[in-house]
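Protein chains in written order, with this note's numbering: chain A, 1 to 361; chain B, 362 to 744; chain C, 745 to 1021. The beta carbon of each residue, even a glycine, is placed where N, CA and C say it ideally should be.
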Amino acid sequence: MRDVPLLIIGAGPAGLSAAYRAAEAGCDVLLLERAKKIGGQLVKQTHKFFGSEKQFASTRGIHIVDILAGRTKDLPGKVEILTDATVLGIYEDGVVTADIAGTIEKIRPQAVIVATGAYERTLAFPGNDLPGVYGAGAVQTLMNEYGIKPGDQVLMVGAGNIGLIVSYQLMQAGVKVKAVIDAADRIGGYLVHASKIRRAGVPILVRHTVEAALGDSEVEQAVIVEIDDEWQPIKETRQVLDVDVICVAVGLSPLADLLYQAGAKSFYISPLGGHVPLRDQNMMTTLENIYIAGDVAGIEEASSAMVEGELAGVAAAQKLGYETPDTDQLKESCLAELRQLRAGPTGGKIRTGLALAGVYS
Amino acid sequence: MRKTADVVIIGAGISGLAIGVHLAKKGVKDIVILEKTFPGNGATGRCGAGIRMQWGVELNCLLSKFSVEYFENVNEILKNDVDVEFWQGGYLIGAKDELEAEQFRKNVTLQNSLGIESSYLSPEEAKDMMPHLDVSHIKAATFCGRDGHLNPFKTVEAFVKAAMDLGIDIEKNTIVTGIEKTGGRVSGVKTDKGDIKAPIVVNAAGGWSKQMAELAGADLPVYSRRHQILVTEPVEPLQSAMFMGFGLNIYIQQVPHGPFIMGRGDADEPTDLRMTSSWKFLNDMAETVTTLMPRLARLKVVRQWAGLYNMTSDAQPIYDEAPEAKGFYHACGFSGHGFMLAPATGQLMSELILGETPSIDISSLGIDRFKGDMLLPLESSVV
Amino acid sequence: MSYDKFEQTGLAGPHEMSTCLPSEEQRKKGPYAVIECFEEIPCNPCVMSCTFDAILPFEDVNSLPLVDFDKCTGCAVCAGICPGLAIFIVDESKPGDFGTLRLPYEYWPLPEKGQTVMALSREGGDVEPVEVVAISNVKGARTPLVTLRLPKDKLQDIRGFRFLSEEEQAALKDDTEAEKTADIESLESPIVCRCEGVTLAEIRDLIAAGCHTVEEIKHLSRAGMGPCQGRTCRQIIMGELMRAGIGKTEDMPPGSFRPPGGTVTLGQLAEGGDSDA
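The structure is reproduced here in structure tokens:
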């Protein structure tokens, strides 16, 4: 049994930022990461980030990992980062169990920040189990982490930021993107991304859905169709595309299973991506001393994940008695930054979601 | 929801469903089963769903023999074709020490005398039957080939279908908030969806039966404690029989589609209504099973969960009318065996309620036995 | 039906472009930045990067960038910084029929100076072969910028290019004519729970049979009992319940979430067994 003041689960942008702020306040941190390297989704983000200077705007995600990790060193508190470490459960007695490089360890933290990110949603269409049907995350992992081309001709399902960015990255890798489709009546992602892939000749079809993947033992074709106001297919508009990859990028949901197992209260809040644990202004869930930050608290951009991580890190450390004269000021500025990031029209969805969750009154 | 009924049953677990089906088959017309969530979501859907005739006291042998024979013919009896996946691969029960082995000899003699074809085995004979079992940890074993296990969800489905075919109303998502009495007799049930007048109310609320009894002003000497189970990934068939050990505190089976399911309780845990899981269970169970069956060490655990045992002090059920409220019947305190006893429960409770001669003498399973020194011999064949 | 609004196509039209171009007068002065950023998103590197204060100060991080063309020198620092690749540098100040367009380009390989490439419209359509006259930001973190020599009347229409040596790719329309009659209806029902191989048809049958919660469906179909613990199927099942009129997803009980949160072997658990708590 290992006693630690603060345990952080997930070394993505939120978890790394949380570790930095908590250790800065003097709190020792154990940071567990399931993957073999830290960074979470950042390790796949070869594009430049939006946001402002504080969230490393205009820096590529793959380079932000190093900056975030570098900040966790030489601080008043010690940050110990363990990779290949999967948390198995947060149990009723406060004990957290983890599979750390094959060995089961038990940890007794005084506080926990869950920064586990999100999981991909998927669609039910005939043929969705054929090889060649991928989630967008898998395509990014194959290409950007392992340098493997997922295929030659792609149908991208989903015109949110992920669908648009992954389409762009596929083109950068020399893969033909046949079309980007989305069931909604507008492009969900940033329009600069959309314009960027349009000028490379890729059509974006709103109000279209994938009806089926065809092929004997792998994807050979995709059937797409326009849908009407009732979201029913208009059969006359059916098109068959020759593709060997159907990339499904239909959104993310908070990955909060650990919290639900532990009994945290949650709501289904569609704008935040599905079931999401409730939290207060300090990012604490309904479970005492258990905090959340990043996509697990509602699907957003990496920029806000970093700020939420900082906020949770400061707040959790403060709760454990690690304070500096700047603590309250720091929390205020995190909240102000989050308000800024969510202020524009593209932040409308997240504002609605957070209002439903009772975070903003 | 209807306003009046002939019988209201609290709890759509396997016991409540079986009681309802048996009453309806005997011609009782207006039966309502009230269920807090949905059928089988309590201990029924959480249990190992094993059934065995190898017991240490006569009554349990007779009750379970009735149930085995019932499940062998369940589709004819319930008049539907739901496959309850009754797998009769037997129970192999291991004795941890000489004391237990000695008890097992007596058990087999008793069982055989009641027509139950069980046998006493040496560790070597047990090894032949279950090659992956490290028999150095057992002193002896018993085996009965007609024992086995079912799919609890499918079994519930079969009973629910039968209940609906017989015209029983199952009210899901309905919480009992009170039990009405008039002059020492039960007269109805209050729920969050409305009230029902009924002269007969059956308490089949499993882990919550004590709380239901309290609503009727009745004292029920039972307590609840969670037992935990884990399930592994599915693998090729390896183990046909359920393996069980009382001193070893384990039951482990491989279900038809491949996963191993194993469970136990922890007598040191408090008695309450918690159904949370513990890391300690995973540890302890893994230690036990990898000691007994080293080959299983490579199996991955997929999930763990807990359910409530509703216990009596002699580990045998209570089938009785509450002395404090005429017409209020208890079918509870199954002490972990409610699933396997359910067919007998249905039959015997329907006979008790309708004043018929019981198929099996259950006069000793009354609630009075806890008052004086009329306690039954403790059933020691319990995990 | 046609979906031709900017937010449906991603294509800037006359309305959008009218907000980001300089006056006739200013165009003659020298190169200038065209910032085709028409949606308020939380992003401000352009305004932070401009050393000439030629991008009007932001009210907050979501403000739209507006160029003060009297101050803009067309230095292209912002174009190399913009994460959205939305900034283009146009120079039509030189005499004659030709001007230049500097555009951000993140594909590999980069073209070479002097190479002839096919200029592309905002939709990626071929316009005409043009010459690459310069390449900058080849090293470092900034986005490479490729300068194309273009007829002045096409400077606001061309926003990309492709290599001529690439095989002509068949346009979307061409290979879509073939099989409009694909028999979707006869295909096998799609998989909803990949762990346990449960199909959509099975889920719909159970809903029709009265299973109105995720948990009831899990009991009878095994959907959600596999190692992923319902991450794939849970929301699809909730969507099906909603379609069947059972209720709103917001009001549905989500079903159980069970530990452990990852698969782990019995052997690992047994070895990690320090029951000292």
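Which chain A residues sit within Cβ distance under 8 angstroms of SER639(B)?
Residue numbering aside, residue 639(B) sits at position 278 when the second sequence is read from its first letter. Contacts between SER639(B) and chain A, judged by CB atoms closer than 8 angstroms, involve TYR91, GLU92, ASP93 in chain order.
So what's VAL616(B) in DSSP terms, helix, strand or just coil?
To locate residue 616(B), count along the second sequence from 1; it is residue 255. DSSP places VAL616(B) in the coil class of the three-state scheme, outside both helix and strand.
Any beta-carbon of chain B closer than 8 angstroms to the one on GLU994(C)?
Position 250 of the third sequence, counted from the start, is the residue given in the question as residue 994(C). For GLU994(C), the nearest beta carbon of chain B is not closer than 8 angstroms to its own beta carbon.
Cα-Cα separation between SER537(B) and ARG363(B), rounded to whole angstroms
Stepping through the second sequence from its first residue, residue 537(B) is reached at position 176. Stepping through the second sequence from its first residue, residue 363(B) is reached at position 2. According to the sequence displayed, residue 537(B) carries Val and not Ser. Straight-line spacing of the CA atoms in VAL537(B) and ARG363(B) works out to 15 angstroms.
Could you spell out the range, first to last residue, of the beta strand (DSSP E) harbouring ILE204(A)?
Counting from one through the first sequence, the residue named residue 204(A) turns up at place 204. Per DSSP, the unbroken beta strand (DSSP E) holding ILE204(A) starts and ends at 204-206.
Starting from ASN564(B), trace the beta strand (DSSP E) in both directions and tell me its first and last residue.
Walking along the second sequence from the start, residue 564(B) turns up at place 203. It spans 561-564 - the beta strand (DSSP E) in which ASN564(B) sits, taken as one unbroken run.
Which of the three DSSP states, helix, strand or coil, is assigned to VAL359(A)?
One-based indexing of the first sequence puts residue 359(A) at position 359. In this structure, VAL359(A) counts as coil in the three-state DSSP scheme.
Buried versus exposed call for ARG656(B) [16 or more other C-beta atoms within 10 Å across all chains shown]
Within the second sequence, residue 656(B) is the residue found at index 295, counting from 1. The C-beta of ARG656(B) has fewer than 16 other C-beta atoms within 10 Å across all chains shown, which makes the residue exposed.
Taking only beta carbons into account, state which residues of the stretch 999-1016 of chain C come closer than 9 angstroms to chain B, listed in chain order.
Going along the stretch 999-1016 of chain C in chain order, one finds SER1000, ARG1002, PRO1003, PRO1004, THR1007, VAL1008, THR1009, LEU1010, GLY1011, GLN1012, LEU1013, ALA1014, GLU1015, GLY1016 with a Cβ nearer than 9 angstroms to chain B.
Those residues which DSSP pairs with TYR584(B) across a bridge:
Within the second sequence, the letter at position 223 stands for residue 584(B). Answer by DSSP bridge pairing, in chain order: MET672(B).
Using alpha carbons as the reference points, say which of CYS819(C), ALA830(C), VAL811(C), VAL791(C) lies closest to GLU783(C).
Here residue 783(C) is taken as the residue at index 39 of the third sequence, counted from 1. Proximity to GLU783(C) across CYS819(C), ALA830(C), VAL811(C), VAL791(C) peaks at ALA830(C), based on C-alpha coordinates.
Which residues DSSP lists as bridging GLU532(B), in chain order:
Position 171 of the second sequence, counting from 1, holds the residue named residue 532(B). In DSSP, GLU532(B) forms a bridge with LEU395(B).
Using DSSP's beta-bridge definition, name the partner residues of MET525(B).
Locating residue 525(B) in the second sequence gives position 164, where the first residue counts as 1. According to the DSSP secondary-structure assignment, MET525(B) is paired through a beta bridge with no residue.
Alpha carbon of ALA914(C) to alpha carbon of LEU889(C), nearest angstrom:
Along the third sequence, one-based indexing puts residue 914(C) at 170. Along the third sequence, one-based indexing puts residue 889(C) at 145. Because the pLDDT at ALA914(C) is just 45, under 50, the model does not fix this residue reliably, and the point stays unresolved.
Proximity test, Cβ basis, 8 angstroms: LEU423(B) and chain C:
As a first step, residue 423(B) must be located in the second sequence, where it is residue number 62. Look at LEU423(B): its C-beta is not under 8 angstroms from any C-beta on chain C.
Check whether GLU120(A) and LYS44(A) have beta carbons under 8 angstroms apart
Translated into positions along the first sequence, residue 120(A) becomes position 120. Translated into positions along the first sequence, residue 44(A) becomes position 44. No; because the gap between Cβ atoms is not below 8 angstroms, this pair is not in contact.
Distance check for THR59(A) and SER762(C), CA to CA, integer angstroms please.
As a working mapping, residue 762(C) is identified with position 18 in the third sequence. As a working mapping, residue 59(A) is identified with position 59 in the first sequence. C-alpha separation (whole angstroms): 30 angstroms.
Extent of the continuous beta strand (DSSP E) run through TYR268(A)
The sequence position of residue 268(A) within the first sequence is 268, counting from 1. Per DSSP, TYR268(A) belongs to the beta strand (DSSP E) from 266-269.
By alpha-carbon positions, which one of THR753(C), GLY757(C), CYS781(C), ILE785(C) ends up nearest to GLY348(A)?
Stepping through the first sequence from its first residue, residue 348(A) is reached at position 348. Closest by alpha carbon: ILE785(C).
As an exercise, report each continuous beta strand (DSSP E) stretch of at least 3 residues that is fully enclosed by the stretch 921-984 of chain C, in chain order.
Annotation note: the stretch 921-984 of chain C contains the following uninterrupted beta strand (DSSP E) runs of length 3 or greater, listed N- to C-terminal: 935-937.
Whose Cβ in chain B lies nearer than 8 angstroms to the Cβ of THR97(A)?
Position 97 of the first sequence holds residue 97(A). Residues of chain B with a Cβ closer than 8 angstroms to the Cβ of THR97(A) are, in chain order, TRP640, LEU643.
DSSP has VAL79(A) in a bridge; who is on the other side?
Indexing the first sequence from 1 puts residue 79(A) at position 79. DSSP lists VAL29(A) as partners of VAL79(A).
Assess contact between the stretch 708-724 of chain B and the stretch 380-390 of chain B, defined as three or more Cβ pairs (one per stretch) separated by less than 8 angstroms. Is contact present?
Yes, they touch.
For SER742(B), the nearest candidate out of PRO617(B), PRO598(B), VAL418(B), ASP444(B) (CA to CA):
Taking the first residue of the second sequence as position 1, residue 742(B) is located at position 381. The shortest CA-to-CA distance from SER742(B) to any of PRO617(B), PRO598(B), VAL418(B), ASP444(B) is the one to VAL418(B).
Please report the straight-line C-alpha distance between ALA922(C) and VAL240(A), rounded to a whole angstrom.
For the purposes of this step, residue 922(C) is identified with residue 178 of the third sequence, where counting begins at 1. For the purposes of this step, residue 240(A) is identified with residue 240 of the first sequence, where counting begins at 1. With a pLDDT of 47 at ALA922(C), under the threshold of 50, the predicted position of this residue should be treated as unreliable, and no value is reported.
Endpoints, beta strand (DSSP E) assigned at LYS551(B):
The residue you call residue 551(B) lines up with position 190 of the second sequence. Membership of LYS551(B) in the beta strand (DSSP E) is indicated by the continuous run 546-552.
C-beta neighbour in chain C for TRP666(B), strict 8 angstroms:
Numbered from 1 along the second sequence, position 305 holds the residue referred to as residue 666(B). Yes - at least one Cβ of chain C is within 8 angstroms of the one on TRP666(B).
Which chain A residues sit within Cβ distance under 7 angstroms of VAL881(C)?
Position 137 of the third sequence, counted from the first residue, corresponds to residue 881(C). Residue identity check: residue 881(C) is Asn in the sequence provided, not Val. Chain A residues near ASN881(C): none, gap ~12 angstroms exceeds 7 angstroms.
Own chain partners of THR641(B) with C-beta closer than 8 angstroms, once the 5 adjacent residues on each side are dropped:
One-based indexing of the second sequence puts residue 641(B) at position 280. The sequence given here places Lys at residue 641(B); Thr does not occur at that position. If we look at LYS641(B) and ignore the five residues flanking it on each side, its Cβ neighbours are ASP627.
Residue from ALA524(B), ALA676(B), PHE465(B), GLY688(B) with nearest C-alpha to PHE695(B):
As a first step, residue 695(B) must be located in the second sequence, where it is residue number 334. The shortest Cα separation from PHE695(B) among ALA524(B), ALA676(B), PHE465(B), GLY688(B) belongs to ALA676(B).
For VAL743(B), which of helix, strand or coil comes out of DSSP?
Residue mapping note: residue 743(B) aligns to position 382 of the second sequence, counting from 1. If DSSP states are grouped into helix, strand and coil, VAL743(B) belongs with coil.
I'd like to know if the stretch 124-142 of chain A and the stretch 662-679 of chain B are in contact, where contact means that at least 3 CB-CB pairs between them fall below 8 angstroms.
Touching, no.
Given this structure, state the Cα-to-Cα distance separating GLY757(C) from ASP870(C), to the nearest angstrom.
The residue labelled residue 757(C) in the question sits at position 13 within the third sequence. The residue labelled residue 870(C) in the question sits at position 126 within the third sequence. Distance between the alpha carbons of GLY757(C) and ASP870(C) is about 18 angstroms.
For SER570(B), the first and last residue of its enclosing alpha helix (DSSP H)
As a working note, residue 570(B) is residue 209 in the second sequence. Going by DSSP, SER570(B) is part of the alpha helix (DSSP H) stretching over 570-576.
Straight-line CA distance for ARG893(C) to CYS819(C)?
Mapped onto the third sequence, residue 893(C) falls at position 149. Mapped onto the third sequence, residue 819(C) falls at position 75. Distance between the alpha carbons of ARG893(C) and CYS819(C) is about 17 angstroms.
How close, in whole Å, do the beta carbons of ALA565(B) and GLY377(B) come, if the pair is a contact with beta carbons under 8 angstroms?
The residue labelled residue 565(B) in the question sits at position 204 within the second sequence. The residue labelled residue 377(B) in the question sits at position 16 within the second sequence. Contact between ALA565(B) and GLY377(B) holds: their C-beta atoms lie close to 4 angstroms from each other, under 8 angstroms.
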